[in-house]
Amino acid sequence: RWEGPNQGGTWSAYPDQKPGTSGLRKRVTVFQTNEHYAENFIQSIISCIEPAERQPGLLVVGGDGRFFMKDAIKLIIQIAAANGIGHLVIGQNGIMSTPAVSCVIRKLKAVGGIILTASHNPGGPTGDFGIKYNIASGGPAPEGITDKIFQISKSLTEYHICPDLKVDISKIGKQTFEVDTFKPMTVEIVDSVESYAEMLRGIFDFNALKQLVSGANHIKVRLDAMHGVVGPYVKKIVCEELGAAADGAFNCVPKEDFGGHHPDPNLTYASDLVNAMKGGDYDLGAAFDGDGDRNMVLGKHGFFVNPSDSVAIIAANITCIPYFQKTGVKGLARSMPTSGALDNVAKALKMNLYETPTGWKFFGNLMDAGKLSLCGEESFGTGSDHIREKDGLWAVLAWMSILAHRKQSVEEIMKDHWNKFGRNFFTRYDYEEVDSDKANTMIKELEAKMFDKSFVGQKFSSGDKSYEVAVSDNFAYTDPVDGSVSKNQGLRIVFSDGSRIIFRLSGTGSAGATVRLYIDSYEKDPAKIYGDAQVMLKPLVEIALKISGLHEKTSRTGPTVIT
Ligand code: G1P
Ligand code: ZN
Numbered sequence: 006r007w008e009g010p011n012q013g014g015t016w017s018a019y020p021d022q023k024p025g026t027s028g029l030r031k032r033v034t035v036f037q038t039n040e041h042y043a044e045n046f047i048q049s050i051i052s053c054i055e056p057a058e059r060q061p062g063l064l065v066v067g068g069d070g071r072f073f074m075k076d077a078i079k080l081i082i083q084i085a086a087a088n089g090i091g092h093l094v095i096g097q098n099g100i101m102s103t104p105a106v107s108c109v110i111r112k113l114k115a116v117g118g119i120i121l122t123a124s125h126n127p128g129g130p131t132g133d134f135g136i137k138y139n140i141a142s143g144g145p146a147p148e149g150i151t152d153k154i155f156q157i158s159k160s161l162t163e164y165h166i167c168p169d170l171k172v173d174i175s176k177i178g179k180q181t182f183e184v185d186t187f188k189p190m191t192v193e194i195v196d197s198v199e200s201y202a203e204m205l206r207g208i209f210d211f212n213a214l215k216q217l218v219s220g221a222n223h224i225k226v227r228l229d230a231m232h233g234v235v236g237p238y239v240k241k242i243v244c245e246e247l248g249a250a251a252d253g254a255f256n257c258v259p260k261e262d263f264g265g266h267h268p269d270p271n272l273t274y275a276s277d278l279v280n281a282m283k284g285g286d287y288d289l290g291a292a293f294d295g296d297g298d299r300n301m302v303l304g305k306h307g308f309f310v311n312p313s314d315s316v317a318i319i320a321a322n323i324t325c326i327p328y329f330q331k332t333g334v335k336g337l338a339r340s341m342p343t344s345g346a347l348d349n350v351a352k353a354l355k356m357n358l359y360e361t362p363t364g365w366k367f368f369g370n371l372m373d374a375g376k377l378s379l380c381g382e383e384s385f386g387t388g389s390d391h392i393r394e395k396d397g398l399w400a401v402l403a404w405m406s407i408l409a410h411r412k413q414s415v416e417e418i419m420k421d422h423w424n425k426f427g428r429n430f431f432t433r434y435d436y437e438e439v440d441s442d443k444a445n446t447m448i449k450e451l452e453a454k455m456f457d458k459s460f461v462g463q464k465f466s467s468g469d470k471s472y473e474v475a476v477s478d479n480f481a482y483t484d485p486v487d488g489s490v491s492k493n494q495g496l497r498i499v500f501s502d503g504s505r506i507i508f509r510l511s512g513t514g515s516a517g518a519t520v521r522l523y524i525d526s527y528e529k530d531p532a533k534i535y536g537d538a539q540v541m542l543k544p545l546v547e548i549a550l551k552i553s554g555l556h557e558k559t560s561r562t563g564p565t566v567i568t
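Next up, the structure:
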């Protein structure tokens with residue numbers, strides 16, 4: 006029997022808990038050194054759940070295994086109990102990938118879920134921690150709810166907690182606790198992988214995938230979990246169930262600090278995988294981020310599949326996936342900075358295409374309304390309406406399905422695609438941890454320049470290339486389902502040939518500002534489509550840097566990451 010609800014004492018609420026692109030993300034030290042910091046945010050989330058929904062309701066809790074996750078789960082259990090939440094379902098040892106949490110919320114018809122992750126940001130005592138709230142659809146809370154959480158977090162004067170309630174989260178099974186003034190609370194610890202694995206079995210043809218990775222003439226796969234949460238999923242699903250060789254699965258034990266690395270599947274931070282693939286021993290390579298929603302796909306010899314192309318390939322080959330044979334294809338979508346490769350497929354296949362602001366939450370409404378089946382972002386996010394998060398392992402199984410069906414290599418499939426649809430050359434430059442004031446000033450000055458009447462029609466040239474500005478705006482999106490408007494989603498310069506330069510400030514960083522520069526340029530000349538993206542896009546990069554004065558204004562000489 007536990008004492009409660011108790012008041013957690015008095016403190017002044019925090020003004021800085023505004024959720025970003027994907028939940029609240031801060032340095033671990035912010036959570037550790039500010040009294041009741043995590044409690045303040047957790048209570049603010051739970052306060053957003055209607056009191057009448059709490060007792061009959063269920064909350065799913067899981068995270069990517071990073072440092073401070075277990076402390077946060079302990080607090081969530083104690084605060085949930087004191088607020089009358091009737092049922093918690095928690096991944097064993099707290100482990101559950103972001104897509105798996107989304108899957109479990111939907112399967113159990115939960116009120117929502119709390120995900121403990123800072124995604125691809127580094128972890129450990131000096132790294133980042135994050136708390137994210139997902140709603141009953143399984144998707145990230147929309148802005149209306151995150152705003153409400155933020156408002157509450159700024160004005161909270163007390164929270165409720167059962168400080169003596171201790172639950173062993175290592176043992177699978179149900180435990181029930183008496184909480185004063187409320188009905189008993191059930192805490193259920195579940196296998197981290199099973200529900201998600203069961204879902205994938207219903208989406209893909211596991212026999213065909215088994216043949217591909219472990220049958221006669223099987224291909225060799227190399228999967229790198231980067232010590233994030235996907236390790237146990239890769240082991241159980243790809244190795245044990247599909248029979249892929251266990252020695253092709255790397256860094257599969259989740260670590261609190263991701264082994265000291267950035268758990269971010271891109272060419273810079275997943276360089277181990279890139280180098281290993283270059284050796285030519287593997288046919289398909291993939292890496293995942295800390296919480297398992299991102300993926301990077303590589304072919305033999307390290308052939309890089311740009312994420313903007315990846316979603317286009319899946320769209321063009323969508324009938325290789327049994328799930329879509331059943332559901333049909335309701336529509337396609339990409340975030341605004343993502344290249345137009347998907348648009349070309351949509352056009353050819355006469356499918357609807359939606360262009361949304363950055364961040365997965367914008368896809369959710371379209372999916373709930375039955376308008377969207379497959380979507381992707383340039384930031385290594387690919388997914389479908391099977392859940393309401395992007396899904397790293399799903400994307401790799403989608404690629405495997407295509408490989409199994411077409412019996413070609415990754416590179417052949419990609420090149421065939423460019424031949425058929427033309428190619429969108431794409432690159433993204435990231436300038437991380439830039440001084441916030443400098444970054445904001447740069448954006449403001451650029452916006453002023455872009456909104457000057459004389460800007461449209463201006464010509465810019467670099468080398469032998471010349472471009473004329475056709476459109477210059479700050480991207481705004483009107484949600485076709487609920488009519489809500491999201492403004493200031495990225496500065497966009499579109500040239501008369503359709504090439505685009507986009508500038509955005511990241512909404513997921515935890516220190517300083519991250520400036521992102523995106524370049525997208527379409528080419529259909531067969532003599533040019535196999536070129537190197539960095540070489541092809543050099544003139545546009547130079548023009549972007551010239552127009553914005555990015556380097557001078559942020560005191561940088563180059564980006565920290567190039568994709
Ligand atoms: C970044 C990506 C965005 C993605 C988000 C969460 O957000 O750019 O596409 O949805 O992470 O994974 P940003 O830091 O740019 O706001
Ligand atoms: Zn992630």
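Taking our numbering, I'd label the letters of the sequence shown as residues 6 to 568. For glycine and all other residues, C-beta sits at the position ideal for the given N, C-alpha and C.
- Taken atom to atom, the span from the alpha-carbon of V226 to that of L217 is near 10 Å.
- In the displayed model, L358 falls within a strand according to three-state DSSP.
- Per the CB criterion, closer than 5 Å to any heavy atom of the ligand G1P, the qualifying residues run in chain order as T26, S27, T363, G364, E382, S384, S511, G512, T513.
- Relative to the ligand ZN, T103 has its C-beta within less than 7 Å of a heavy atom.
- With contact defined as three or more Cβ pairs closer than 8 Å, the stretch 471–490 and the stretch 348–362 are in contact.
- For the ligand ZN, no non-hydrogen atom lies closer than 7 Å to the CB of R59.
- Assigned with DSSP and collapsed to three states, R428 falls in strand.
- In the DSSP assignment, C108 falls within the unbroken alpha helix (DSSP H) covering 103–112.
- In the three-state scheme derived from DSSP, where H, G and I count as helix and E and B as strand, Y201 is classed as helix.
- Counting every other CB atom within 10 Å of its CB across the protein chains shown gives N126 a total of 16 or more, marking it as buried.
- Between the C-alpha atoms of N370 and G144 there is a straight-line separation of about 9 Å.
- Distance from the CA atom of Q156 to the CA atom of T446, rounded to whole angstroms, is 27 Å.
- P312 sits close to T387, with the two beta carbons spaced by under 8 Å.
- With 16 or more other CB atoms across the displayed protein chains lying within 10 angstroms of its CB, A85 is buried.
- If the five residues before and after V490 are omitted, its C-beta is found closer than 6 Å to the C-beta atoms of T483, all from its own chain and listed in chain order.
- Burial check for G397: the Cβ neighbour count within 10 Å reaches 16 or more, so the residue is buried.
- N280: member of the alpha helix (DSSP H) spanning 276–283, first to last residue.
- If you ignore the 5 residues before and after K558, its C-beta comes within less than 8 Å of the C-beta of K443, T446, M447, E450, all in its own chain and listed in chain order.
- At a threshold of 7 Å, D298 counts as near the ligand ZN, since its beta carbon sits closer than that to one of the ligand's heavy atoms.
- Under DSSP, N300 takes part in a beta bridge, and its partners are F293.
- Around the beta carbon of Y535, a 10 Å sphere encloses fewer than 16 other beta carbons of the protein chains shown; the residue is thus reported as exposed.
- Looking at the backbone, the Cα of I506 and that of A518 are separated by about 19 Å.
- In the three-state reduction of the DSSP assignment, G265 falls in the helix class.
- Shown here, A481 sits in coil according to DSSP, grouped into three states, outside any helix or strand.
- By the neighbour-count criterion, in which 16 or more other beta carbons inside 10 Å mark a residue as buried, N424 falls on the exposed side.
- Residue environment: Q97 is assigned as buried (16 or more neighbouring CB atoms within 10 Å of its CB, all protein chains considered).
- Looking at the DSSP output, L247 shares a beta bridge with no other residue.
- In the structure shown, Q60 adopts coil according to DSSP, grouped into three states.
- Boundaries of the alpha helix (DSSP H) harbouring D152: 148–160, taken from the DSSP string.
- Looking at the backbone, the Cα of A321 and that of I78 are separated by about 42 Å.
- Counting C-beta pairs closer than 8 Å gives fewer than three between the stretch 398–411 and the stretch 332–339, which falls short of the contact rule.
- For S124, the Cβ falls inside the 7 Å cut-off from some heavy atom of the ligand ZN.
- Counting only residues of its own chain and dropping the five nearest sequence neighbours on each side, I208 has a CB closer than 8 Å to the CB of I326, P327, Y328, H391, W399, L402.
- The residue among A18, G99, S124, Q83 with its C-alpha nearest the C-alpha of T513 is S124.
- Cα atoms of G70 and E261: separation of roughly 6 Å, rounded to the nearest angstrom.
- Scanning the stretch 374–456 from its first residue to its last, the whole beta strand (DSSP E) runs of 3-plus residues come out as 379–382, 386–389, 428–439.
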